[in-house]
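Take a look at the structure below.
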Amino acid sequence: MSESLHVTRNGSILEITLDRPKANAIDAKTSFEMGEVFLAFREDPEMRVAIITGAGARFFSAGWDLKAAAEGEAPDADFGPGGFAGLTEIFDLDKPVIAAVNGYAFGGGFELALAADMIVCSENASFALPEAKLGIVPDSGGMLRLPKLLPPAIVNELMMTGRGMDAEEALRWGVVNRVVESDKLMETARELAQQIAQGAPLAIAAIKEIYRETSELSVEEGYRHIRTASLKNYPSVLRSEDASEGPLAFSEKRDPVWKGR
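The opening position of the sequence shown corresponds to residue 1 in full-length UniProt numbering, with each subsequent residue numbered one higher.
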C-alpha cells in the first residue's frame, strides 16, 4: 500500500486513513488503491466493519485532486472498480462502513462520506458540493444520494450554490449520526463499529441487502419482494446456525458465538 493510505486491523474492524497532505485530495491512482482496500474488505470473512477517515485535523477529504485535474486528469477518468474514492460505486458491499469525518468533506470527499452507511463527524466538520463553481457536477454519488436525505429545495441550494453545511446543520437534517469533539471522533467511531460487530454478520448483511433492495418500494411491495425475490443474504439468515445461536445465547444469559453461517 502507498503512503497515501494507512490501513490497520483492529479485531474485526478495518480502519482506513487517507493521508495526502494538505487536503487529502484523491487522484485516480489513490482512488484505485482505495478501491482495492474496500474490495478486499468485502471479501475478507474476518472483517466485519470498516472506518474511513482522513489524516490531520482539518480535512477529511477535499475530493478530487484539482492539481491532477490541472495536469490533465479528466473528470471522467477511470477511478477504479469501486468508483471514485473506491467506495462510491460498490453496490454489493454487505458490510457496514462508517465515515469518521474529521474536518472539511468537500466535493468527492462529501460523496465518499455519503457512500458510507453512517457518518460520525467532529464539531469542526463541514460538508459542501462546490462542483458547479468548478464547471463540473457532483456525479460520484452526490446528485444521487443527497436527494434521498434532504428536501429538494435544500439539495438544489447546496449543489447550485456550493455553500457549506456545518456539523450541526448536517445533524439536524439527519445527514450525520453524531457530532462529537474532535478528540473523541475516532473513539466514537470505534465504539459504534464495536456495537455493530456484536451483531450476527449474516443479519447485518441481510439488513443492508433488504434496505438496498426495498428502499424505493412501498411497504407492501417490499414485503412481496423479500418473500419472493432471489435475495442472497435474507434466506441464508433464516436457515443459519446463527439464527438458532442468538435465542439460545439469550436464554442461557451469555454472549452469542457467531459463526456467520
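Glycine included, C-beta positions come from ideal geometry on N, C-alpha and C.
Taking Cβ positions, are residue i and residue j nearer each other than 7 Å?
i           : j       : result
residue 263 : Asn-24  : Residue 263 is absent from the structure shown; the chain starts at 1 and stops at 261.
Asn-102     : Phe-60  : yes
Gly-164     : Ser-126 : yes
Gly-80      : Gly-35  : yes
Ala-203     : Val-237 : yes
Leu-66      : Glu-33  : no
Phe-84      : Ser-2   : no
Ala-28      : Ala-77  : yes
Short of 6 Å in beta carbon distance, which residues of its chain neighbour residue i, apart from the five on each side in sequence? Order them along the chain.
i       : result
Ala-205 : Asp-94 and Asn-233
Glu-245 : Pro-256
Ala-68  : Asp-27
Using CA coordinates, which residue listed in the options is at the minimum distance from residue i?
i       : options                              : result
Asn-10  : Met-47, Ala-105, Ala-153 and Pro-235 : Met-47
Gly-86  : Gly-260, Leu-114 and Ala-70          : Leu-114
Pro-21  : Pro-45, Val-37, Gly-63 and Glu-43    : Gly-63
Asp-242 : Phe-91, Gly-199, Pro-45 and Val-37   : Gly-199
Asp-166 : Glu-73, Leu-129 and Ala-193          : Leu-129
Asp-19  : Ala-28, Ala-55, Ser-140 and Lys-184  : Ala-55
Pro-75  : Gln-194, Leu-134 and Ser-230         : Leu-134
Apart from the five residues on each side of it in sequence, which residues of its chain come closer than 7 Å, Cβ to Cβ, to residue i?
i       : result
Phe-41  : Leu-14, Met-47, Ala-50 and Lys-95
Asp-255 : Ala-249
Val-97  : Ala-50, Ile-52, Leu-87, Ala-116 and Asp-117
Kindly give me the distance between the Cβ atoms of residue i and residue j, rounded to whole angstroms, as I take these residues to be in contact under 8 Å.
i       : j       : result
Val-120 : Thr-188 : 5 Å
Val-155 : Leu-146 : 5 Å
Ile-210 : Ile-226 : 6 Å
Leu-112 : Ala-132 : With 8 Å as the limit, Leu-112 and Ala-132 do not qualify as a contact, their Cβ atoms being about 19 Å apart.
Arg-261 : Ser-240 : 6 Å
Report all residues from its chain with a CB closer than 8 Å to the CB of residue i; omit the five preceding and five following residues, and keep chain order.
i       : result
Gly-174 : Leu-149
Glu-221 : Thr-214
Glu-181 : Ser-122 and Glu-123
Ser-12  : Glu-46, Met-47, Arg-48, Val-49 and Ala-197
Completely contained alpha helix (DSSP H) runs for the stretch 86-172, where each covers 4 or more residues: 108-115, 142-145, 152-161 and 167-172
Let me know the beta strand (DSSP E) ranges lying completely inside the stretch 8-88, each 3 residues or longer, listed in chain order. 13-18, 49-54 and 59-61
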